[in-house]
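According to our numbering, the sequence shown is numbered sequentially starting from 57. We treat Cβ as the ideally placed atom computed from N, Cα and C, and that holds for glycine. Comments concern the structure below.
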Amino acid sequence: MFLLRILIVASVFLTSIGCKLGSSLNGTVSDNSAGGGGPDNNGGNEGGGGAPASDCNPGYVLVPGDAALGSRSSDFCLSKYEMKAVLDADSSPVDGKALGVAAASTHTPQSRAQDLPWGAMNLATSISECASLGSEYHLVTNAEWMTVARNIESVPSNWSGGAIGNGHLNTGHSDGWANAGQDFLAASTDDNDACFGTNNPNCLNPLDNDYWQKRTHTLSNGEIIWDLAGNMNSWVDIDGAGGLISSNCCGAPWAQYYQLNEQNSLDTYATMDLLDENGFLPLHLATYGATDLDDLGLGILNKADSATSGRGIYRGGHFSETLQWENRIGIFSAWQENLPTVSWNQQGFRCVHDL
57 MFLLRILIVA SVFLTSIGCK LGSSLNGTVS DNSAGGGGPD NNGGNEGGGG
107 APASDCNPGY VLVPGDAALG SRSSDFCLSK YEMKAVLDAD SSPVDGKALG
157 VAAASTHTPQ SRAQDLPWGA MNLATSISEC ASLGSEYHLV TNAEWMTVAR
207 NIESVPSNWS GGAIGNGHLN TGHSDGWANA GQDFLAASTD DNDACFGTNN
257 PNCLNPLDND YWQKRTHTLS NGEIIWDLAG NMNSWVDIDG AGGLISSNCC
307 GAPWAQYYQL NEQNSLDTYA TMDLLDENGF LPLHLATYGA TDLDDLGLGI
357 LNKADSATSG RGIYRGGHFS ETLQWENRIG IFSAWQENLP TVSWNQQGFR
407 CVHDL
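Shown next as structure tokens:
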């Protein structure tokens, strides 16, 4: 009997060791910790707020593909936050405000809530910094931006009136005011704290005027994304190959803001060379009718004049946009009048990784 007990104990012990060894060899040992939140080597940190599980790397959210947008018909992972920076020498986090292009040789981008976004970036450096994270990473393309924007537009809970086209979408931190005298803002690790850093404590109340400044949007799969509109502009890669645009549209002396609605948008965009209406326009134009889309929080186009060529595009708007241009900020906002070498403090970027 004593010998039998020894054999049973030995068998259990060896089975346990074998299971752990097998898990270790397959890279699946768990430390039973939750959330983590620390830096990883995939350009991100764990986002908080109870986001649904996905195959995306930490700091990235799963975006459902959109067949209508062709090149982005498959699901992909977009940075949950505007890209921040870490120092290459010791992987320490760095505030990115005005960090600029020159810092690219000593810093790596990372999607995390903490710290200010990496600003003062031009288009080429934004492309190369995303690519530096690995072969599956790239700067968000215009088609990917549109996939996210149309998804947000189609989620009723993002609208102040609780239905598509009822009320308005929130436009993020864009009124030029923030706590502690800041301009650009860090994000919160708590997705429920969407007023974080603003001077708009009632931004979660869709019936309050503060709602315009709410900093998060919800995707159809329940994922939460920060600052797609507001805080800092985001460069987009027009065609996924660093392409630029040139246009002979409209002939304004400098640049022209175009109200996007069902009545005047399609004719205007037919003369432009940036894709087609899928390159800029919201999905539910028939619902909005003649309503100007900036009044709905969807945004507006800033179009270059007839003499320009070789322009880049940035989207979303920045922290003081509504002070300068009324409600011309939103998830569909697009600026295409500037050279790709522009690197103002408000020029940031977002990365995507493929599944």
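Worksheet item: CB N42 to CB D295, shorter than 9 Å?
Response: Nothing about residue 42 can be reported from this structure: the residues present for the chain run from 57 to 411 only.
Worksheet item: Whose CA, out of D131, L189, S135, lies closest to the CA of D144?
Response: Numbered from its first residue, the sequence shown carries residue 144 at position 88. Checked all of D131, L189, S135; the closest Cα to D144 is L189.
Worksheet item: With respect to the alpha helix (DSSP H) encompassing Y344, which residues constitute its N-terminal and C-terminal limits?
Response: On the sequence shown, residue 344 is found 288 positions in, with the first residue counted as 1. Note, Y344: alpha helix (DSSP H), 341 to 344.
Worksheet item: Start and end of the alpha helix (DSSP H) containing V8?
Response: Missing from the structure shown is residue 8; the chain here goes from 57 to 411 and no further.
Discussion item. Taking the straight line between their C-alpha atoms, what separation do you get for G372 and T164?
Written reply: Here residue 372 refers to the residue found at position 316 of the sequence shown. Here residue 164 refers to the residue found at position 108 of the sequence shown. G372 and T164 have their C-alpha atoms roughly 23 Å apart.
Discussion item. According to DSSP, is T227 part of a helix, a strand, or is it coil?
Written reply: Here residue 227 corresponds to residue number 171 of the sequence shown, with the count starting at 1. Looking at T227 - three-state DSSP - the assignment turns out to be coil, as it is neither helix nor strand.
Worksheet item: Would you say L300 and G368 are within 9 Å of each other, going by their C-beta atoms?
Response: Taking the sequence shown and counting its residues from 1, the one referred to as residue 300 is at position 244. Taking the sequence shown and counting its residues from 1, the one referred to as residue 368 is at position 312. In contact: L300 and G368 (Cβ atoms closer than 9 Å).
Worksheet entry | Short Cβ contact (9 Å threshold) for S290 with F405 | On the sequence shown, position 234 is the one that residue 290 refers to. On the sequence shown, position 349 is the one that residue 405 refers to. Yes; because the gap between Cβ atoms is below 9 Å, this pair is in contact.
Practice prompt. Determine the burial state of G278: buried for a count of at least 16 other Cβ atoms within 10 Å of its Cβ, exposed for fewer.
Written response: Residue 278 sits at position 222 when you count from the first residue of the sequence shown. The residue is exposed, with fewer than 16 neighbouring Cβ atoms inside 10 Å.
Worksheet item: Three-state secondary structure (DSSP) at D329?
Response: As a working mapping, residue 329 is identified with position 273 in the sequence shown. Interpretation of D329 is limited by its pLDDT of 44, a score under 50 that renders its predicted location unreliable; the figure taken from the coordinates is listed afterwards. D329: coil per DSSP, three-state reduction.
Fill in: Residue interval of the beta strand (DSSP E) (run including C112)
Translated into the one-based positions of the sequence shown, residue 112 becomes position 56. Here C112 belongs to no beta strand (DSSP E), and DSSP marks it neither H nor E.
Worksheet item: How many angstroms separate the CA atom of L263 from the CA atom of G218?
Response: Position 207 of the sequence shown, counted from the start, is the residue given in the question as residue 263. Position 162 of the sequence shown, counted from the start, is the residue given in the question as residue 218. Looking at the backbone, the Cα of L263 and that of G218 are separated by about 10 Å.
Worksheet item: How many angstroms separate the CA atom of F240 from the CA atom of V119?
Response: Translated into the one-based positions of the sequence shown, residue 240 becomes position 184. Translated into the one-based positions of the sequence shown, residue 119 becomes position 63. The alpha-carbon atoms of F240 and V119 are separated by roughly 25 Å.
Practice prompt. State buried or exposed for D111, treating a residue as buried only when at least 16 other CB atoms are found within 10 Å of its CB.
Written response: To locate residue 111, count along the sequence shown from 1; it is residue 55. Residue burial annotation: D111 is exposed, with fewer than 16 other C-beta atoms found within 10 angstroms of its C-beta.
Worksheet entry | Environment of G355 [buried if 16+ CB atoms lie within 10 Å] | Position 299 of the sequence shown, counting from 1, holds the residue named residue 355. Classified as buried, G355 has 16 or more neighbouring CB atoms from the shown chains inside 10 Å of its CB.
Worksheet item: According to DSSP, is Q403 helix, strand or coil?
Response: If you number the sequence shown from 1, residue 403 lands on position 347. The DSSP-derived three-state label of Q403 is strand.
Item to complete: Pull up the distance between the alpha-carbon of E209 and that of W215, whole angstroms please.
Response: Counting from one through the sequence shown, the residue named residue 209 turns up at place 153. Counting from one through the sequence shown, the residue named residue 215 turns up at place 159. One C-alpha to the other measures close to 8 Å.
Discussion item. Please identify the residue among L260, N222, N207, V292 whose C-alpha is closest to the C-alpha of L275.
Written reply: As a first step, residue 275 is located in the sequence shown; it is residue number 219 there, counting from the start. Of the listed residues, the one whose Cα sits closest to L275 is N207.
Fill in: Where G99 falls: helix, strand or coil (DSSP)
If you number the sequence shown from 1, residue 99 lands on position 43. For G99, the predicted structure reports a pLDDT of 41, less than 50, and the residue's modelled location is therefore unreliable. The matter cannot be settled from this model.
Worksheet entry | Same chain, Cβ closer than 6 Å to D171, neighbours up to 5 away in sequence not counted | Taking the sequence shown and counting its residues from 1, the one referred to as residue 171 is at position 115. Once the five neighbours on either side are set aside, the close Cβ partners of D171 are K140, P149, D151, A242.
Discussion item. Which of the three DSSP states is assigned to L411 in this structure?
Written reply: Counting from 1 along the sequence shown, the entry for residue 411 is found at position 355. Coil, per DSSP.
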